[in-house]
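> First, the structure itself, so that you have it in front of you.
Chains as they are written, first to last, in my numbering: chain G, 5 to 272; chain U, -1 to 252.
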C-alpha cells in the first residue's frame, strides 16, 4: 500500500498497514510476518501472543524501529516509524540495565537524552519512577546487587521515566519466578491504570496475556499472521489466579491449538 | 594454631637467601660470577646514595610512561575504528594481529636507523610494543559488547558519540583495561631490550645500567638492576592495574 492511500485512525497511537517482514536464512527466504494490519489505540494495553516463530518479537522490533519492514507501513500518530525513538521505549526479556551505572543513573540515562529538561527535573522524575516501582531505597544499588525482579522493575522505571507515548514490552516477565511475576503483574496494572500509557506486550504466556491485555492478538506461525483478536472485558486489577480469567485463557488456548492443527493439516 | 599466611613465604625467603649467602661466602662459587645477596644489597645502597639508581629509574620510567601513553592514546581510537569499519578491521586489524605477535625488540634496528641513538628511537620501540595489543583489545571488546545494551540505549535515543562514550566504551572497559595491561607488559619488555642493546645518548636508563654492569664485570650491579626491574613491574601492577581491575570487577559484580 502506498503512503498516499494510507488512512490513519485518529484514535490510534500505532497503526500497522499490511506489514510484511522476510528473513533470508539458511533455509531460504522465510516470511516472518505476513500482511499484518492492526491499530493500537491510545491508552490501550495490547498483547501479542502466539507460539515461538509466529513473529511476535519481530513485530515488536519493527514497532521499536530496531528493524525495518519489507512491505507495508507503521505509523506512530502521523509519523512513519523508521528508527528507534524515545517515543517508543522497550523493556526487554533480560533487564538490559547498564552494569556500570547504579539504579538511579540507569533511570537517568533516558532522561539525560531529553534536552528540554533541567538536571533537577530529571532527578526528580527518576526518583518518582523508582518509587513508583517500589525501589526508592535502592537508588544507589548496582544492577548486580538487585534481584531479578528488582532489576526488571528498574528497567520498567527506566522505560517509563522519559514518558514515552508507547511502552513496548518483549516478554519482560518470562525470566522471573512465579511470585515475582505476580507482583509485577499487579505493579504494571497499577501503573497502567494510573498513568494511562499505551502498552504493547509480547508474550507466549496466554494466562499472562489475558491478565494484562485490553485486547489479545493471537498470532500463528509460518507465516506470522493475525488469527484472532480477543477483547478482554474483565475489570482491573485482575488477578492471575482468577477463575474467570482462567476460563478466558482456556478459550484463547483452544483457539490457538485449533489454528495450529488446521495449519498442520494444510501442510499435509 | 593456624599460622598467618605470610609466615611460610618469609621463612622460605630467609632460608633461600641465607643459603645463597653461605654458599658464596664458603667459596663454593666465584663471587665475581655469582655475588652474594649482601653484595647486591650493598650495590643497591651505594647506587641509591650516589643517585645513580634513582636517575636511571627515572629516565626509564619516563620513557615507559610517555611511550605507553602515546601507544594507548593512538591504540584506543584505532581499535574503535577497527571495530566500527569493516574494511579497516580487514586491513589495520589484521596487521595489528600480526604485529602483536612480533616481539617488539625486533623494532630496535629500524628505530635506530630512522631516529638515531636518541629518545625518539626508544619511544618508537615502546609505542610499537604497546599499540598493537591495545588496538586488538579495544577492537575485540567493542565487538563483544552485548547487542542488548546497544538496542536498549538506541531505543532511549542514544546514537553517535553519545552511544560510543556512554555505552560502548563503558561496556568494553574491562576488556580494554586488560589490553592496556598487556600493552604495558610488552612495552616494559621492549624498553629493557632497547636500553640493553643500544647506547642511547640522551639518557642513562636501567637497561644501560645493567649493560654497564656486564661490561665492568659487576654482577652485583647486573643482579641489582634485575631486581629493580622486577620491583618496578610489580609496583606498576600493584599500584595501578590491580586496583583498577578490582574496582571494575567489584562495581559490576563480576
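Think of the CB as a built atom: it goes at the ideal place given N, C-alpha and C, for glycine as much as any other residue.
Can you tell me whether DSSP reads residue 27 (chain G) as helix, strand or coil?
Translated into positions along the first chain, residue 27 (chain G) becomes position 23. Note: residue 27 (chain G) maps to strand in three-state DSSP.
> Taking the beta carbon of residue 209 (chain U) as the centre, do at least 16 other beta carbons fall within 10 Å, making it buried, or is it exposed?
Counting from 1 along the second chain, the entry for residue 209 (chain U) is found at position 211. Looking at its Cβ environment, which holds 16 or more other Cβ atoms inside 10 Å, residue 209 (chain U) is buried.
> Out of curiosity, what's the CA-to-CA distance linking residue 155 (chain U) and residue 126 (chain G)?
Position 157 of the second chain holds residue 155 (chain U). Position 122 of the first chain holds residue 126 (chain G). Their Cα atoms are separated by approximately 16 Å.
> Within 10 angstroms of the Cβ of residue 179 (chain U), are there 16 or more other Cβ atoms? Answer buried if so, exposed if not.
For the purposes of this step, residue 179 (chain U) is taken as residue 181 along the second chain, with counting starting at 1. It counts as buried.
> Which residues does DSSP list as the beta-bridge partners of residue 224 (chain G)?
The residue labelled residue 224 (chain G) in the question sits at position 220 within the first chain. The partner list for residue 224 (chain G) (beta bridge, DSSP) reads G:229.
> The beta strand (DSSP E) with residue 34 (chain G) in it runs from where to where?
For the purposes of this step, residue 34 (chain G) is taken as residue 30 along the first chain, with counting starting at 1. Here the beta strand (DSSP E) through residue 34 (chain G) covers 32 to 45.
> What residues from chain A crowd round residue 139 (chain U), counting only those whose CB sits closer than 9 Å?
No chain A appears in this structure, whose protein chains are G and U.
> Would you kindly work out how many angstroms separate the C-alpha atoms of residue 34 (chain U) and residue 184 (chain U), rounded to a whole number?
Translated into positions along the second chain, residue 34 (chain U) becomes position 36. Translated into positions along the second chain, residue 184 (chain U) becomes position 186. Between residue 34 (chain U) and residue 184 (chain U), the C-alpha separation is close to 31 Å.
> Taking residue 250 (chain U) as the query, report the chain G residues whose CB atoms sit under 9 Å from its CB, ordered along the chain.
Against the second chain, residue 250 (chain U) aligns to sequence position 252. Result: 103, 104, 146, 147 and 148.
> Assuming residue 202 (chain U) is part of the beta strand (DSSP E), what are its boundary residues?
Against the second chain, residue 202 (chain U) aligns to sequence position 204. First-last for residue 202 (chain U): undefined, no H or E at that position.
> Leaving aside the five residues before and after residue 151 (chain U) along the sequence, list all residues of the same chain whose C-beta is less than 7 Å from its C-beta, in chain order.
Against the second chain, residue 151 (chain U) aligns to sequence position 153. Answer for residue 151 (chain U): 161 and 165, listed in chain order.
> Could you give the residue range of the alpha helix (DSSP H) that holds residue 92 (chain G)?
Locating residue 92 (chain G) in the first chain gives position 88, where the first residue counts as 1. Residue 92 (chain G) -> not in any alpha helix (DSSP H); beta strand (DSSP E) instead, spanning 92 to 95.
> Between residue 114 (chain G) and chain U, is there a C-beta pair that is closer than 7 Å?
Mapped onto the first chain, residue 114 (chain G) falls at position 110. So yes, residue 114 (chain G) belongs to the interface.
> Take residue 146 (chain G) and list the residues in its own chain whose beta-carbon comes closer than 6 Å to its own, dropping the five residues that flank it on each side.
Taking the first residue of the first chain as position 1, residue 146 (chain G) is located at position 142. Closer than 6 Å at Cβ, skipping near neighbours: 106.
> How many whole angstroms separate the CB atoms of residue 67 (chain G) and residue 172 (chain G), which I take to be in contact at a CB cut-off of 8 Å?
Walking along the first chain from the start, residue 67 (chain G) turns up at place 63. Walking along the first chain from the start, residue 172 (chain G) turns up at place 168. That pair is a contact at about 6 Å.
> In its own chain, which residues sit with a C-beta less than 7 Å from the C-beta of residue 156 (chain G), not counting the 5 before and 5 after it?
Stepping through the first chain from its first residue, residue 156 (chain G) is reached at position 152. Within the same chain, residue 156 (chain G) has close Cβ partners 99, 176, 180 and 188.
> Helix, strand or coil for residue 142 (chain U) per DSSP?
As a working mapping, residue 142 (chain U) is identified with position 144 in the second chain. Coil, per DSSP.
> What residues of chain U sit near residue 27 (chain G), judged by a beta carbon separation below 8 Å?
Along the first chain, one-based indexing puts residue 27 (chain G) at 23. What residue 27 (chain G) touches in chain U: nothing, since even the nearest Cβ is about 17 Å away.
> How about residue 166 (chain G) and residue 81 (chain G): are their beta carbons less than 7 Å apart?
Here the question's residue 166 (chain G) lines up with position 162 in the first chain. Here the question's residue 81 (chain G) lines up with position 77 in the first chain. For residue 166 (chain G) and residue 81 (chain G), no; Cβs fall outside 7 Å.
> Can you tell which of U:78, U:26, U:64 and U:23 has the C-alpha that lies nearest to the C-alpha of residue 174 (chain U)?
In the second chain, residue 174 (chain U) corresponds to position 176, counting from 1. It is U:78 whose Cα lies nearest to the Cα of residue 174 (chain U).
> Can at least three beta-carbon pairs, one atom from the region 70 to 78 of chain G and one from the region 227 to 238 of chain G, be found at a separation below 8 Å?
Flag = no, the region 70 to 78 of chain G and the region 227 to 238 of chain G do not touch.
> In this structure, how does DSSP classify residue 116 (chain G) when only helix, strand and coil are distinguished?
Walking along the first chain from the start, residue 116 (chain G) turns up at place 112. Residue state, collapsed to three classes: helix.
> Do residue 68 (chain U) and residue 98 (chain U) have their C-beta atoms within less than 7 Å of each other?
Stepping through the second chain from its first residue, residue 68 (chain U) is reached at position 70. Stepping through the second chain from its first residue, residue 98 (chain U) is reached at position 100. Going by C-beta atoms, residue 68 (chain U) is not nearer than 7 Å to residue 98 (chain U).
> Report the neighbours of residue 149 (chain U) on chain G: residues whose CB is nearer than 9 Å to its CB, in chain order.
Here the question's residue 149 (chain U) lines up with position 151 in the second chain. The contacting residues are 65, 68, 70, 88, 94, 96 and 100.
> Taking all protein chains shown into account, decide if residue 270 (chain G) is buried (16 or more other Cβ within 10 angstroms of its Cβ) or exposed.
Residue numbering aside, residue 270 (chain G) sits at position 266 when the first chain is read from its first letter. At residue 270 (chain G) the pLDDT is 48, less than 50, meaning the model places this residue with poor confidence; the figure from the coordinates comes in the next sentence. Answer is exposed; the Cβ neighbour count stays below 16.
> Look up residue 84 (chain G) in the DSSP assignment and give the residues it is bridged to.
As a first step, residue 84 (chain G) must be located in the first chain, where it is residue number 80. Partner(s): G:79.
> So is residue 137 (chain U) buried or exposed if we call it buried at 16+ other beta carbons inside 10 Å?
On the second chain, residue 137 (chain U) is found 139 positions in, with the first residue counted as 1. Burial call: buried.
> For residue 8 (chain U) and residue 39 (chain U), I'd like the C-alpha separation in whole angstroms.
Indexing the second chain from 1 puts residue 8 (chain U) at position 10. Indexing the second chain from 1 puts residue 39 (chain U) at position 41. Their Cα atoms are separated by approximately 18 Å.
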